[in-house]
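Worksheet for the structure shown next.
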Amino acid sequence: MARLEDLTPGAVVRGILPNSTVTVVAVKWYGSDIVELTYKDPQGQLGNELLYRDREPTLEIL
-19 MARLEDLTPG AVVRGILPNS TVTVVAVKWY GSDIVELTYK DPQGQLGNEL
31 LYRDREPTLE IL
């Protein structure tokens, strides 16, 4: 389990995309419980997702 605070640029994370890891590009906070995560997948494609605290149990920093 990772906390939203652990999502920092350059971190490699499992649990954002199914069966894949992503590399964090940028993180923007909205209050203390929501982050907008910009990431790059293994193919180099950029993605963006809002993550809430309830997703923390599914996240793993590698």
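Be aware that the sequence shown starts at -19, since it is given in the numbering used here, and climbs by one per residue.
Virtual Cβ for every residue (Gly too), placed ideally from N, Cα, C.
All values derive from a computational prediction rather than experimental measurement.
Check, Outcome
"Whether V4 touches L(-16) by CB criterion (8 Å)", "no"
"Candidates E36, L(-13), Y32 and V(-7), of which the one nearest D21 by Cα", "V(-7)"
"Simplified DSSP assignment, three categories, for L(-16)", "helix"
"Alpha-carbon to alpha-carbon, Q23 and E36", "24 Å"
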